[in-house]
Amino acid sequence: MCTGCEALRVRREEYTKKKLKEARNIIKTIREEIFTWDEDKFHWWYADRIEQILDPKRKEVT
Numbered sequence: 120m121c122t123g124c125e126a127l128r129v130r131r132e133e134y135t136k137k138k139l140k141e142a143r144n145i146i147k148t149i150r151e152e153i154f155t156w157d158e159d160k161f162h163w164w165y166a167d168r169i170e171q172i173l174d175p176k177r178k179e180v181t
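What follows is the structure, encoded as structure tokens:
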């Protein structure tokens, strides 16, 4: 394998690891939210919370 191909492979693996770590953090946060979830809140609120986790700059809807 040439050095260019090897460099691309390494970058792809690092990118994949980074994305998997981000996904695991999102799942962990969602699990924590589930345990503290107030049953009086509607499902749309929960969906909005997931979107907020995915995009932290987004404002929370109450």
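In terms of my numbering, the sequence shown is residues 120 to 181. Beta carbons are placed, not taken as given, at the ideal position from N, Cα and C, and that holds for glycine. Since this is a predicted model, take the numbers as computed values, not measurements.
Which residues in the same chain have their Cβ closer than 6 Å to the Cβ of residue i, if we skip the five residues on either side of it in sequence?
{"i": "arginine 130", "result": "none"}
Report the three-state DSSP secondary structure of residue i (helix, strand or coil).
{"i": "glutamine 171", "result": "helix"}
{"i": "cysteine 121", "result": "coil"}
{"i": "lysine 138", "result": "helix"}
{"i": "lysine 176", "result": "coil"}
With distances taken from CA atoms, which of the options is nearest residue i?
{"i": "glutamate 151", "options": "Glu125, Gly123, Cys121, Ile172", "result": "Ile172"}
Excluding the 5 residues flanking residue i on each side, which residues of the same chain have their C-beta closer than 7 Å to its C-beta?
{"i": "leucine 139", "result": "none"}
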